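Be aware that the sequence shown starts at 8, since it is given in this note's numbering, and climbs by one per residue.
First comes the structure, then the notes that go with it.
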Amino acid sequence: MMVSSAKAARLLVKIGAVVIVLMFVEYIAFRTFFSLIAFVLVALPIFTIKCQNCRTPIYDQRIAPHVRGFDLRVLERCPVCGEPMLRKEKRLS
8 MMVSSAKAAR
18 LLVKIGAVVI
28 VLMFVEYIAF
38 RTFFSLIAFV
48 LVALPIFTIK
58 CQNCRTPIYD
68 QRIAPHVRGF
78 DLRVLERCPV
88 CGEPMLRKEK
98 RLS
């Protein structure tokens, strides 16, 4: 499964943040790590993000320092080639 739009990438990052909080609460309450499965299912697609032009992955050493927490402005302009990393969602008119 490959992430193909900036909107989907942002949504996955937000879901990942919620899952991390749920993992913490689950461990405190029940001392289990079953929500780790959900974290893996959310994290794996995030690691498939690549620039649509230069095919540089988001975890590459040239791009990773530009990714700051939930701020994915790097998707709008690739630090390597200068083009948008992922296509934007087109609105239906």
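By construction, the Cβ of each residue, glycine as well, lies at the ideal position given by its N, Cα and C atoms.
On a predicted model such as this, the values are computed, not experimentally measured, just so you know.
Check	Outcome
Coarse secondary structure for K14, derived from DSSP in three states	helix
Three-state secondary structure assigned by DSSP to P64	strand
Cα-Cα separation, V47 to F54	11 angstroms
Within 9 angstroms, strictly: CB atoms of M158 and L18	Any question about residue 158 goes unanswered here, given that the chain covers just 8 to 100.
Distance, P72 Cα to C88 Cα	15 angstroms
Cβ shell of P64 (< 6 angstroms), same chain only, five flanking positions each side left out	K57
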